[in-house]
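Its first residue numbered -14, the sequence shown is counted upward by one per residue in our numbering.
Think of the CB as a built atom: it goes at the ideal place given N, C-alpha and C, for glycine as much as any other residue.
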Amino acid sequence: VAIARPGPIQGGMVHPYLRRRDGLEPEDYPSDEIRQALSRTKGVPIFQEQVMQIAILAADFTPGEADALRRAMAAWKRKGGLGPFHERLVGRMVAKGYTREFAESIFKQIQGFGEYGFPESHAASFALLAYDSSWIKRHHPDAFLAGLLNSQPMGFYAPAQLVRDAREHGVAVLPVDVVVSRWESRLEGGEGAPLHPVRLGLDRISGLSEDAAKRIVTARAQAPFTNVEDLTRRAELNAHDLRVLAEADALRGLSGHRHQAAWAVAGVDTRPTEMLRATRLHEAPAQLAAPSEGEDLLADYRALGLTLNRHPVALLREQLSAFKLQPAAVLRTYPSGRLARASGLVTHRQRPETAKGTVFVTLEDETGAVNVIVWPTVAEAQRQPLLGATLLTVYGQWQREGDVMHLLASKLIDHSHLLHGLVSRSRDFR
């Protein structure tokens, strides 16, 4: 936890620690004082307390001076507060027999902590949350998914990715439906089942208010809905509520597929009194063709932010294969150094301040994710596809070190237009 912070990264502490942890590099202690301070972390300062301990043991700082150093670490970029400590720390370490090179490396690591490092107590608190979350995900992935969906917006991963991962780990995810869904996602099924299906909640529907959803749940508890008109009347829904429910395919249990639902809600009179509603003409329901898989998929993303149908890239795989684009699962078998081509939905774009202009992109296809590194020169030359593409194609070189794999980008192509081809414009009667 503590090592994955800008401080240790800027201070050059990450790779030495990982190499030593894996037995690829010996631990190095130039003195017993340094060993006393750093033996728990393989000779690499990870926590703020260790920096203070080094200052006391190796540079003869008093506890008061060490605490002043701690405060200066937190503010040095803003106030330039580390300057007075440089010669004091380095000079005293040299006087005690340490080489200037080693003393300067310690000061560089202290500067790194000014970029944001953790005290050990803070890291331990985060670690407990991480361990607890990992245990729940491993042993109760159904409850883990429901909990995360009900805590949105949060975290690094979008609901679509959370649902996809849970399904890959055996969790059944059921669609949102006014007949059974509550406001939040919940577990269904009886006691004793190894994994419970997760029913998506009405809160997943873009544009539906919590008040409207709660009126639906309250009315349904009194008696099941018989049709869309019954739902509208008893839950006191307006035209907007009905439209977003139809767009989310949440009326399937009452009126059928999306096209049938759209037709059904268009014919519902939402005027406030029985007298006004009595004046409308009653028509037999039209038999409309079901939406295509592509239409359903894109409508899911618009209304819910996720789909329980196939991944969009799966529907485009034949077209993408014509460009010699390989799925993520195939790329994961590639050796380091091989030329590679990938395409997927952009799920993340990151440009950390510590990366000096490098952009990190995550692509997702039907088989998994591909991490892409875009160096500053490539990012600047190809800004439009990098920043604007929904479906991004990347040409580059595959890199792997153990289980860590990524694609070094050399060419970026915006293939977002292929997604529009998933939509059939047919609205014919059957």
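Skipping 5 residues on each side, what residues in its chain have a beta carbon closer than 6 Å to that of residue i?
i      : result
Ala246 : Ala231, Leu236 and Ser240
Glu214 : Val253
Gly238 : Asp162 and Val164
Val202 : Arg167
Thr264 : In this predicted model, Thr264 has a pLDDT of only 47, less than 50, meaning its place in the structure is not dependable enough to derive any value.
CA-CA distance, residue i and residue j?
i       : j       : result
Gly49   : Leu67   : 15 Å
Phe111  : Leu180  : 28 Å
Asp7    : Lys27   : 11 Å
Ile398  : Arg218  : 50 Å
Ala198  : Asp188  : 8 Å
Val379  : Val359  : 10 Å
Ser395  : Trp383  : 11 Å
His242  : Arg317  : 38 Å
Glu303  : Thr375  : 18 Å
Met(-2) : Gly132  : 35 Å
His400  : Gly279  : 16 Å
Glu176  : Pro182  : 12 Å
Ile31   : Glu365  : 34 Å
Glu351  : Asp388  : 20 Å
Arg200  : Asp226  : 11 Å
Pro276  : Glu338  : 45 Å
Gly82   : Arg73   : 15 Å
Ala151  : Arg228  : 29 Å
Ser479  : Arg368  : Since the first and last residues shown for the chain are -14 and 415, residue 479 lies out of range.
Ser118  : Ala109  : 14 Å
Thr343  : Val161  : 40 Å
Leu371  : Ile(-6) : 25 Å
Val363  : Thr84   : 41 Å
Ala43   : Val331  : 49 Å
Val250  : Leu147  : 31 Å
Ile19   : Arg287  : 57 Å
Arg334  : Gly373  : 11 Å
Asp281  : Asp234  : 9 Å
Pro361  : Lys341  : 8 Å
Gly406  : Leu324  : 29 Å
Leu293  : Ala178  : 22 Å
Asn212  : Ala206  : 15 Å
Leu310  : His124  : 36 Å
Glu386  : Leu3    : 13 Å
Ser90   : Gln35   : 15 Å
So, at 7 Å on beta carbons, what are the nonlocal neighbours of residue i in its own chain, with the 5 sequence-adjacent residues on each side left out?
i      : result
Pro1   : Glu10 and Val29
Ile121 : Ala128 and Phe129
Glu12  : Arg5, Lys27 and Gly28
Leu393 : Ile358, Gly381, Gln382 and Gln384
Arg184 : Leu159, Val165, Ser166, Ser170, Arg171 and Glu173
Glu221 : Arg200
Gly417 : Limits of the chain in this structure are -14 at one end and 415 at the other, which puts residue 417 out of reach.
Within 10 Å of its beta-carbon, does residue i have 16 or more other beta-carbons around it, so buried, or fewer, so exposed?
i      : result
Leu348 : buried
Met139 : exposed
Pro209 : exposed
Asp17  : exposed
Trp248 : buried
Ser106 : exposed
Gly329 : buried
Phe308 : exposed
Arg171 : buried
His154 : exposed
Phe70  : buried
Ser136 : exposed
Phe92  : buried
His244 : buried
Gly186 : buried
Phe46  : buried
Gln272 : exposed
Asp196 : exposed
Since I believe residue j is in contact with residue i (beta carbons under 8 Å), could you give me their beta-carbon distance rounded to a whole number of angstroms?
i      : j      : result
Val357 : His391 : 7 Å
Ala22  : Ile39  : 5 Å
Val75  : Ala88  : 4 Å
Gln33  : Pro126 : About 36 Å separates the two Cβ atoms, so there is no contact after all.
Val416 : Ala327 : Nothing in the structure corresponds to residue 416, since the chain is present only between -14 and 415.
Arg55  : Met37  : 6 Å
Return the chain-ordered list of same chain residues with a C-beta closer than 8 Å to the C-beta of residue i, the five sequence neighbours on each side being excluded.
i      : result
Gly290 : Ala143, Pro144, Ala145, Arg189 and Ser191
Leu404 : Leu283, Pro297, Leu301, Thr375 and Leu376
Tyr14  : Arg20, Leu23, Ser24 and Gly28
Open item on the list: So within the stretch 289 to 343, which uninterrupted alpha helix (DSSP H) runs reach at least 4 residues, ignoring any that extend past its ends?
Closed with: 297 to 300, 302 to 306 and 313 to 316
Q. Quick one: complete beta strand (DSSP E) runs, 3+ long, within the stretch 334 to 398?
A. 344 to 350, 353 to 359 and 376 to 386
Exercise. Tell me the start and end of each unbroken alpha helix (DSSP H) in the stretch -3 to 77 that is at least 4 residues and wholly inside, in chain order.
Key: -1 to 6, 17 to 23, 33 to 44 and 48 to 64
Write down every uninterrupted run of the alpha helix (DSSP H) in the stretch 170 to 258 whose length is 4 residues or greater and which is fully enclosed by it, in chain order. 195 to 207, 213 to 220, 224 to 232, 237 to 240 and 243 to 251
- [ ] Scan the stretch 123 to 173 and note each continuous alpha helix (DSSP H) run of 4 residues or more that stays entirely inside, going in chain order.
- [x] 126 to 134 and 144 to 153
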